[in-house]
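Student: Each residue of the sequence shown is one higher than the last, beginning at 4 in my numbering.
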Amino acid sequence: MGTGGAQVTRALALSMVSTALDLACADDVPLPDPAARLAELALLLDLSDQVRALIAERVTAAERADDAMAVHGTSLRTWLAQSNRMTPRAASTLIMQSRALGRFPEVAQAFHEALISKDQADAICTALDELPADLGAEQVARAQETMIGYSAQFDPAQLRRLAGHLVEVVAPEQAEDNERRKLERDERRAQANRFLRWCRDGFGSIELSARLPEAEGEAVVAVIEAYAAHADRSLDRLDPLAELVSPAQRRADALVDLARHAQGCRAAPTHGGDRPRLVVTIDHAELLQQLHSDAVAAGRLAASGALVSPSALRLLACDCEVLPAVLGGAGQVLDVGRAQRLVTPPIRAALTLRDRGCVMPGCDRAPADCDAHHIEPWQSGGRTSLDNLVLLCRHHHGLLEPRPHAPPGSQWEVRLGDAGLPVIVPPNRVDARRRPRLHQRFRVPPPSRADDPP
4 MGTGGAQVTR
14 ALALSMVSTA
24 LDLACADDVP
34 LPDPAARLAE
44 LALLLDLSDQ
54 VRALIAERVT
64 AAERADDAMA
74 VHGTSLRTWL
84 AQSNRMTPRA
94 ASTLIMQSRA
104 LGRFPEVAQA
114 FHEALISKDQ
124 ADAICTALDE
134 LPADLGAEQV
144 ARAQETMIGY
154 SAQFDPAQLR
164 RLAGHLVEVV
174 APEQAEDNER
184 RKLERDERRA
194 QANRFLRWCR
204 DGFGSIELSA
214 RLPEAEGEAV
224 VAVIEAYAAH
234 ADRSLDRLDP
244 LAELVSPAQR
254 RADALVDLAR
264 HAQGCRAAPT
274 HGGDRPRLVV
284 TIDHAELLQQ
294 LHSDAVAAGR
304 LAASGALVSP
314 SALRLLACDC
324 EVLPAVLGGA
334 GQVLDVGRAQ
344 RLVTPPIRAA
354 LTLRDRGCVM
364 PGCDRAPADC
374 DAHHIEPWQS
384 GGRTSLDNLV
394 LLCRHHHGLL
404 EPRPHAPPGS
414 QWEVRLGDAG
424 LPVIVPPNRV
434 DARRRPRLHQ
444 RFRVPPPSRA
454 DDPP
């Protein structure tokens, strides 16, 4: 088929798609079956991703040929902004995303076939761009296949976290050195890009925006969340008829309270049974090696899993309370302090380290937003110990609180599985076989050490 024939075929195909969408929009009678409505929605999302993939392909072709300059005497970015109802920033983002897909054809093909979503494609391309520059074409192709395979199980945010394991898969001999260089590069970038800005909006408010390196930012967030939670508890206890305050408003109030308390050097309140602090983990084997050398290994922030370089750890240790947690080979908590009867700060820290947030699958509430839930109720003789506690957000805590007179199998339940990780058992109305469900975050493979067998 010649060029003219291809143009006619493409125009006809797009015209047919447009007509089909017009017909679908004109039919405003909703489908009666919920499953059918969800199936229709899933199909539309797949179609949307296919259209986005086609747009990215056409943007790449138009940019390479400089079509906008040839036809309109302007850049593609300017033409997109002026002619297609998007901001210059959105036009730049579209061009950058299209370039990324152009660099990774297997990802582009998976996107075109609706095997991955737009956000997953962006996350995968970002991960691939972080690969060492000296990898061969075969290794890059394998990296694309690996990330596309991961996309069947993991959402875009989880794919970004898995990117750190990519070099271990495609070039294990370079993994340790690449992780070190990436960590140093990310910390330099974060340090260079830090800022705090404010402006008066003219309506009686000051608008703040900030960006901080992760370790320092987590310290700030921990204190603000502690003040916000403290204010929330006080409000519930002292003024139950007060107007409802949103979480965002509580955090804003907490920031003001923090400034006021800092002026008087007053101590911060506790949060979740613990004072706001950073928990930094280090592998037990690496700790033993350091007993005979001057080297200092990188640590990991328990709340987010982010790595912290040795230099950043030394700075934190100078002017911040850091609770060390020693891990065994499988990541078990070996020592966070002395055990006590109640949910003490060490127990709370151990829960944060093990659960990393609400353990209900699909819930992404952070540890600071969670309660410590007794698997066997305390009033029924349950112990306040790590093997009888899990983290649950307030909503799921209420959902999993046992009801004494409920029929067997009719309640959501939680227990520790064989691996020592919390699993959720759904009621029989959800799953007749009541198969235990593990939170997705526990399926992300932990970082391996260079001395692990391949």
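Just so it is clear, CB atoms sit at the ideal spot from N, CA and C, and this is done for glycine as well. This one's a predicted model, so the numbers in the text were calculated from it and none came from an experiment.
1. Let me know the secondary structure DSSP gives residue 374 once reduced to three states.
2. To the nearest angstrom, how far is the alpha carbon of residue 252 from that of residue 26?
3. With three or more beta-carbon pairs closer than 8 Å as the criterion, would you say the region 96-112 touches the region 60-72?
4. From residue 94 to residue 84, what does the alpha carbon distance come to, in whole angstroms?
5. Mind checking residue 92: buried by the 16 CB within 10 Å criterion, or exposed?
6. Within 10 angstroms of the Cβ of residue 181, are there 16 or more other Cβ atoms? Answer buried if so, exposed if not.
7. Can you grab the Cα-Cα spacing for the pair residue 422 / residue 399, in whole Å?
8. Can you tell me which of the three DSSP states residue 213 falls into?
9. Rounded to whole angstroms, what is the Cα-Cα separation between residue 189 and residue 177?
10. For residue 206, write down the residues that DSSP places opposite it in a beta bridge.
11. To the nearest angstrom, report how far apart residue 426 and residue 415 are at their CA atoms.
12. Can you give me the Cβ contacts of residue 424 inside the same chain, cut-off strictly under 6 Å, excluding the 5 residues immediately before and after it?
13. Looking at the secondary structure, which residues open and close the beta strand (DSSP E) in which residue 425 lies?
14. Just the Cα atoms here: how many angstroms apart are residue 433 and residue 250?
15. On the DSSP bridge assignment, give the partners of residue 198 in chain order.
16. Does residue 134 come out as helix, strand or coil in the three-state DSSP assignment?
17. What is the rounded straight-line gap between the Cα of residue 337 and the Cα of residue 351?
18. Is residue 374 closer than 9 Å to residue 228 when the C-beta atoms are compared?
19. From residue 441 to residue 378, what distance separates their C-alpha atoms?
20. Quick check on this structure: which residue in 363, 23, 405 has the alpha carbon closest to the alpha carbon of residue 381?
21. So what does residue 418 bridge to, in DSSP terms?
22. Quick test of your reading: residue 428 and residue 439, contact by CB under 8 Å. State the CB separation rounded to the nearest angstrom.
23. Counting Cβ pairs, one atom from each stretch, are 3 or more of them under 8 Å apart for the region 165-172 and the region 205-212?
24. Go to residue 165, then tell me how far its beta strand (DSSP E) extends in each direction, as first and last residue.
25. Looking only at its own chain, which residues have a Cβ that is under 8 Å from the Cβ of residue 392, when we skip the five neighbours before and after it?
26. Would you give the residue range spanned by the alpha helix (DSSP H) that residue 48 belongs to?
27. Assign residue 321 to buried or exposed, taking buried as 16 or more other Cβ atoms, counted over all protein chains shown, within 10 Å of its Cβ.
28. Give me the Cα-Cα distance between residue 68 and residue 58, rounded to the nearest whole angstrom.
29. Using a Cβ-Cβ cutoff of less than 8 Å, which residues in the same chain neighbour residue 385 once the five nearest sequence positions on both sides are dropped?
30. In terms of alpha-carbon separation, which member of 364, 223, 131 lies closest to residue 108?
31. Taking all protein chains shown into account, decide if residue 302 is buried (16 or more other Cβ within 10 angstroms of its Cβ) or exposed.
32. Just grab the DSSP bridge partners of residue 396 for me.
33. Less than 9 Å separating the beta-carbons of residue 417 and residue 389?
34. Taking all protein chains shown into account, do 16 or more other C-beta atoms lie within 10 angstroms of the C-beta of residue 137, making it buried, or fewer, making it exposed?
35. Under 8 Å, with one C-beta from each stretch per pair, do the region 112-128 and the region 152-161 reach the 3-pair mark?
36. Taking buried to mean at least 16 other C-beta atoms within 10 Å of its own C-beta, is residue 30 buried or exposed?
Tutor: Taking the definition as stated:
1. In the sequence shown, the residue the question calls residue 374 occupies position 371. Three-state DSSP puts residue 374 in a strand.
2. Within the sequence shown, the letter at position 249 stands for residue 252. Within the sequence shown, the letter at position 23 stands for residue 26. Going from the Cα of residue 252 to the Cα of residue 26 covers about 45 Å.
3. A contact exists between the region 96-112 and the region 60-72.
4. Within the sequence shown, numbered from 1, the residue matching residue 94 stands at position 91. Within the sequence shown, numbered from 1, the residue matching residue 84 stands at position 81. Distance between the alpha carbons of residue 94 and residue 84: 6 Å.
5. Residue 92 sits at position 89 when you count from the first residue of the sequence shown. That one is exposed.
6. Within the sequence shown, numbered from 1, the residue matching residue 181 stands at position 178. Counting other Cβ atoms within 10 Å of its Cβ, residue 181 reaches 16 or more and is therefore classed as buried.
7. On the sequence shown, position 419 is the one that residue 422 refers to. On the sequence shown, position 396 is the one that residue 399 refers to. Roughly 22 Å separates the two Cα atoms.
8. Locating residue 213 in the sequence shown gives position 210, where the first residue counts as 1. Strand.
9. As a working note, residue 189 is residue 186 in the sequence shown. As a working note, residue 177 is residue 174 in the sequence shown. Distance between the alpha carbons of residue 189 and residue 177: 18 Å.
10. Position 203 of the sequence shown, counting from 1, holds the residue named residue 206. Beta-bridge partners assigned by DSSP to residue 206: none are found.
11. Walking along the sequence shown from the start, residue 426 turns up at place 423. Walking along the sequence shown from the start, residue 415 turns up at place 412. Approximately 11 Å, taken between the alpha carbons.
12. If you number the sequence shown from 1, residue 424 lands on position 421. The residues are 445.
13. As a first step, residue 425 is located in the sequence shown; it is residue number 422 there, counting from the start. Counting along the chain, the beta strand (DSSP E) containing residue 425 begins and ends at 425-428.
14. Locating residue 433 in the sequence shown gives position 430, where the first residue counts as 1. Locating residue 250 in the sequence shown gives position 247, where the first residue counts as 1. Looking at the two C-alpha atoms, the distance is approximately 31 Å.
15. What you label residue 198 is simply residue 195 of the sequence shown in a count that begins at 1. Beta-bridge pairing links residue 198 to 214.
16. By 1-based counting over the sequence shown, the position of residue 134 is 131. Three-state DSSP puts residue 134 in coil, outside helix and strand.
17. Locating residue 337 in the sequence shown gives position 334, counting from the first residue. Locating residue 351 in the sequence shown gives position 348, counting from the first residue. Residue placement at residue 337 is poorly supported in this model, since its pLDDT is 44, which falls under 50; the coordinates still yield a value, given next. So the alpha carbons of these two residues sit roughly 14 Å apart.
18. Residue numbering aside, residue 228 sits at position 225 when the sequence shown is read from its first letter. Residue numbering aside, residue 374 sits at position 371 when the sequence shown is read from its first letter. Taking 9 Å as the Cβ cut-off, residue 228 and residue 374 do not qualify as a contacting pair.
19. Residue 441 sits at position 438 when you count from the first residue of the sequence shown. Residue 378 sits at position 375 when you count from the first residue of the sequence shown. In a straight line, the C-alpha of residue 441 is about 16 Å away from that of residue 378.
20. Along the sequence shown, one-based indexing puts residue 381 at 378. Per the Cα distances, 405.
21. As a first step, residue 418 is located in the sequence shown; it is residue number 415 there, counting from the start. The bridge partners DSSP lists for residue 418 are 426.
22. Translated into the one-based positions of the sequence shown, residue 428 becomes position 425. Translated into the one-based positions of the sequence shown, residue 439 becomes position 436. About 5 Å separates the beta carbon of residue 428 from that of residue 439, a gap short enough to meet the 8 Å contact definition.
23. no
24. In the sequence shown, counting from the first residue as 1, residue 165 sits at position 162. Note, residue 165: premise wrong, no beta strand (DSSP E); alpha helix (DSSP H) at 159-165.
25. What you label residue 392 is simply residue 389 of the sequence shown in a count that begins at 1. Closer than 8 Å at Cβ, skipping near neighbours: 346, 350, 354, 375, 376, 377, 378.
26. In the sequence shown, counting from the first residue as 1, residue 48 sits at position 45. First-last of the alpha helix (DSSP H) with residue 48: 37-68.
27. Walking along the sequence shown from the start, residue 321 turns up at place 318. Any reading at residue 321 must be qualified, since the residue scores a pLDDT of 43, below 50, and its modelled position is unreliable; no value is offered.
28. Along the sequence shown, read from residue 1 onward, the residue named residue 68 stands at position 65. Along the sequence shown, read from residue 1 onward, the residue named residue 58 stands at position 55. Taking the straight line from one Cα to the other gives about 15 Å.
29. Residue 385 sits at position 382 when you count from the first residue of the sequence shown. Excluding sequence neighbours, residue 385 sits near 377, 378, 379, 391.
30. Locating residue 108 in the sequence shown gives position 105, where the first residue counts as 1. It is 131 whose Cα lies nearest to the Cα of residue 108.
31. For the purposes of this step, residue 302 is taken as residue 299 along the sequence shown, with counting starting at 1. It counts as buried.
32. For the purposes of this step, residue 396 is taken as residue 393 along the sequence shown, with counting starting at 1. 373.
33. The count along the sequence shown starts at 1 and reaches residue 417 at position 414. The count along the sequence shown starts at 1 and reaches residue 389 at position 386. No, they are not a contact pair.
34. For the purposes of this step, residue 137 is taken as residue 134 along the sequence shown, with counting starting at 1. Under this definition residue 137 is an exposed residue.
35. yes
36. For the purposes of this step, residue 30 is identified with residue 27 of the sequence shown, where counting begins at 1. Counting Cβ neighbours within 10 Å, residue 30 comes out exposed, since fewer than 16 surround it.
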